[in-house]
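Q:
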Amino acid sequence: MTIAKNTICLWYDKDAEAAARFYAETFPDSSVKSVHRAPSD
Numbered sequence: 123m124t125i126a127k128n129t130i131c132l133w134y135d136k137d138a139e140a141a142a143r144f145y146a147e148t149f150p151d152s153s154v155k156s157v158h159r160a161p162s163d
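With this note's numbering applied, the sequence shown corresponds to residues 123 to 163, in that order.
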């Protein structure tokens, strides 16, 4: 049996990386694969 994997995309106005790391620490076998930063406005 194959277990489905989810890819999650989170969008925040601030503290996005901290939120992503929190979720990755909360759910087993989760990780933050990449962080994309937008240029400042």
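From the three backbone atoms N, C-alpha and C, an ideal C-beta is built for every residue, glycine too.
#1: Please list the terminal residues of the continuous alpha helix (DSSP H) segment that includes R143.
#2: Beta carbon of A146, beta carbon of V157: below 7 angstroms?
#3: Label A170 either buried or exposed according to how many other C-beta atoms from any shown protein chain fall within 10 Å of its C-beta, with 16 as the threshold for buried.
#4: Between the alpha carbons of Y134 and T124, how many angstroms are there, rounded?
#5: Can you give the beta carbon distance from S141 to L132, rounded, assuming they're within the 8 angstroms contact cut?
A: According to the structure data:
#1: On the sequence shown, residue 143 is found 21 positions in, with the first residue counted as 1. Per DSSP, R143 is one residue of the alpha helix (DSSP H) stretching across A138 to T148.
#2: Translated into positions along the sequence shown, residue 146 becomes position 24. Translated into positions along the sequence shown, residue 157 becomes position 35. Not closer than 7 angstroms, so no.
#3: Shown here, the chain extends from 123 to 163; a query on residue 170 therefore has no answer.
#4: For the purposes of this step, residue 134 is identified with residue 12 of the sequence shown, where counting begins at 1. For the purposes of this step, residue 124 is identified with residue 2 of the sequence shown, where counting begins at 1. Answer to the nearest angstrom: the Cα atoms are 32 angstroms apart.
#5: For this step, residue 141 is matched to residue 19 along the sequence shown. For this step, residue 132 is matched to residue 10 along the sequence shown. It is Ala, not Ser, that sits at residue 141 in the sequence shown. Confirmed, Cβ separation roughly 6 angstroms.
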